[in-house]
Amino acid sequence: MPSLDDQPAASDLHHAVLAWYDMHARDLPWRRPEASAWSVMVSEFMLQQTPVARVLPVHEAWLERWPTPADLAAEPTGEAVRAWGRLGYPRRALRLHAAAVAITEQHDGVVPDSYDDLIALPGVGDYTAAAIASFAYGRRHVVLDTNVRRVFARAVAGVEFPATAVTRAERDLATGLLPDEEATAATWAVAVMELGALVCTASSPRCGACPIADVCRWRLAGHPAYDGPPRKAQAWAGTDRQCRGRLMAVLRESEGPVHASALAAAWDDAVQRERCLVGLIDDALVVRVGPESYALP
DNA sequence: CATCCGTGGTG
DNA sequence: TCACCAAGGAT
Numbered sequence: 001m002p003s004l005d006d007q008p009a010a011s012d013l014h015h016a017v018l019a020w021y022d023m024h025a026r027d028l029p030w031r032r033p034e035a036s037a038w039s040v041m042v043s044e045f046m047l048q049q050t051p052v053a054r055v056l057p058v059h060e061a062w063l064e065r066w067p068t069p070a071d072l073a074a075e076p077t078g079e080a081v082r083a084w085g086r087l088g089y090p091r092r093a094l095r096l097h098a099a100a101v102a103i104t105e106q107h108d109g110v111v112p113d114s115y116d117d118l119i120a121l122p123g124v125g126d127y128t129a130a131a132i133a134s135f136a137y138g139r140r141h142v143v144l145d146t147n148v149r150r151v152f153a154r155a156v157a158g159v160e161f162p163a164t165a166v167t168r169a170e171r172d173l174a175t176g177l178l179p180d181e182e183a184t185a186a187t188w189a190v191a192v193m194e195l196g197a198l199v200c201t202a203s204s205p206r207c208g209a210c211p212i213a214d215v216c217r218w219r220l221a222g223h224p225a226y227d228g229p230p231r232k233a234q235a236w237a238g239t240d241r242q243c244r245g246r247l248m249a250v251l252r253e254s255e256g257p258v259h260a261s262a263l264a265a266a267w268d269d270a271v272q273r274e275r276c277l278v279g280l281i282d283d284a285l286v287v288r289v290g291p292e293s294y295a296l297p
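Just so we're aligned, residue 1 is where the first sequence starts under UniProt numbering, counting upward by one.
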């Protein structure tokens, strides 16, 4: 019978989480045995800050249209931005395209399997590099995303939410919990993430359905309330992000170039509209094709 | 290390 | 209703 001072034994966590995953894992396209590394990579880009439900249809259309990195690399960047649709953060589409170009030119069109090669690609940070290496190639890596961090914060550290930024102690903890055997480590990585996504959710966690509830330090401590710094909600109404989104929607939905008047109709504040347009052009999400005419690149 | 970068679902 | 949140990365 565990006391509050005990750390959950790694072996207990492994068995419980892996058994739970075997039973409850979602059947997602990028997890199927026939899924290519490119499919995994596309999913990871799309899933950066966007929920699975909204990624599914876009991912399917994307892989059908561009089955390999070279297929995407051969297209203008604007086609990637248009196909990205309303997933949000369209710079991710640009980075995915740039990554496809780099893979085509520097890796013979094959998605790299090493963390070092992956993290050198545009739009690939620590999480995405580890995720692709682990999920697509079965390599042993610490995959630290928001779900995994939350599960470990609760089950091991006994707090409701992890710190704002990844700490050294947190990474050491995750490293220590990573199973030794390579294939097991890869399954563990996706299993812990799935547990965080489906059971150990940010709000209203389903502890009654959790395979490690009996050793979870946060639950054993009586679910103490979060006492860290307030996590600031992102402002939205009236921000440049909203303005940029409106402008991009106009361009996306138009087959050809749009006149400045069409953009003006999408956002009233002329000063802010101009600032955002300049920013979009600077980001290479928009190109000016005439005196008062704009288009996707 | 804090801030910026989209969008839509939900309790 | 509206604050919160969803598989981050770049600067």
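Glycine included, every Cβ here is placed at the ideal spot set by N, Cα and C.
First through last residue of the beta strand (DSSP E) which encompasses residue i
i, result
"Arg288", "Val287 to Gly290"
"Tyr294", "Ser293 to Ala295"
Among the options, the one whose alpha carbon lies nearest that of residue i
i, options, result
"Asp145", "Ala174, Pro122 and Gly138", "Ala174"
"Val228", "Ala262, Ala153, Gly138 and Gly256", "This sequence places Gly at residue 228; Val is not what is there. Answer by Cα proximity: Ala153."
"Asp71", "Trp84, Ile103 and Gly125", "Ile103"
"Asp268", "Cys200, Leu47, Gln242 and Glu292", "Gln242"
"Ala169", "Val156, Gly123 and Arg231", "Val156"
"Leu280", "Val17, Arg91 and Val148", "Arg91"
"Trp84", "Thr50, Leu198, Ala9 and Pro211", "Thr50"
"Leu106", "Arg231, Pro67, Ala93 and Leu121", "Sequence check: residue 106 is Gln here, not Leu. Of Arg231, Pro67, Ala93 and Leu121, the residue nearest in Cα terms is Leu121."
"Arg150", "Asp108, Pro67, Thr201 and Asp27", "Thr201"
"Ala16", "Arg219, Leu263, Glu79 and Asp214", "Asp214"
Exposure label - residue i; buried when at least 16 CB within 10 Å
i, result
"Glu194", "buried"
"Ala233", "exposed"
"Ser203", "exposed"
"Leu294", "A small fix is needed here, since residue 294 is Tyr in this sequence, not Leu. Tyr294 comes out buried."
"Met23", "exposed"
"Arg217", "buried"
"Tyr21", "buried"
"Pro69", "buried"
"Trp30", "buried"
"Gly196", "buried"
"Val52", "exposed"
Residue(s) in a DSSP beta bridge with residue i
i, result
"Val148", "Partner(s): none; Val148 has no beta bridge."
"His259", "Ser293"
C-beta atoms of residue i and residue j nearer than 8 Å
i, j, result
"Met248", "Ala136", "no"
"Arg139", "Asp116", "no"
"Leu296", "Leu251", "yes"
"Val101", "Leu285", "no"
"Val58", "Ala99", "no"
"Ala189", "His141", "yes"
"Ala37", "Val111", "yes"
"Ala9", "Pro211", "no"
Residue span of the alpha helix (DSSP H) that contains residue i, given as start and end
i, result
"Ala99", "Arg91 to Gln106"
"Gln242", "Asp240 to Glu253"
"Gly279", "Ala270 to Asp282"
"Asp172", "Arg168 to Leu177"
"Glu160", "Here Glu160 belongs to no alpha helix (DSSP H), and DSSP marks it neither H nor E."
"Trp20", "Ala10 to His24"
"Asp126", "Asp126 to Tyr137"
"residue 300", "No statement about residue 300 is possible, as the shown extent of the chain runs from 1 to 297 and does not include it."
"Trp267", "Per DSSP, Trp267 belongs to no alpha helix (DSSP H) and is neither H nor E."
"Gly78", "Thr77 to Trp84"
"His141", "Run containing His141: none; DSSP gives neither H nor E here."
"Val58", "Val52 to Arg65"
"Gly222", "Per DSSP, Gly222 belongs to no alpha helix (DSSP H) and is neither H nor E."
"Ala185", "Glu182 to Leu198"
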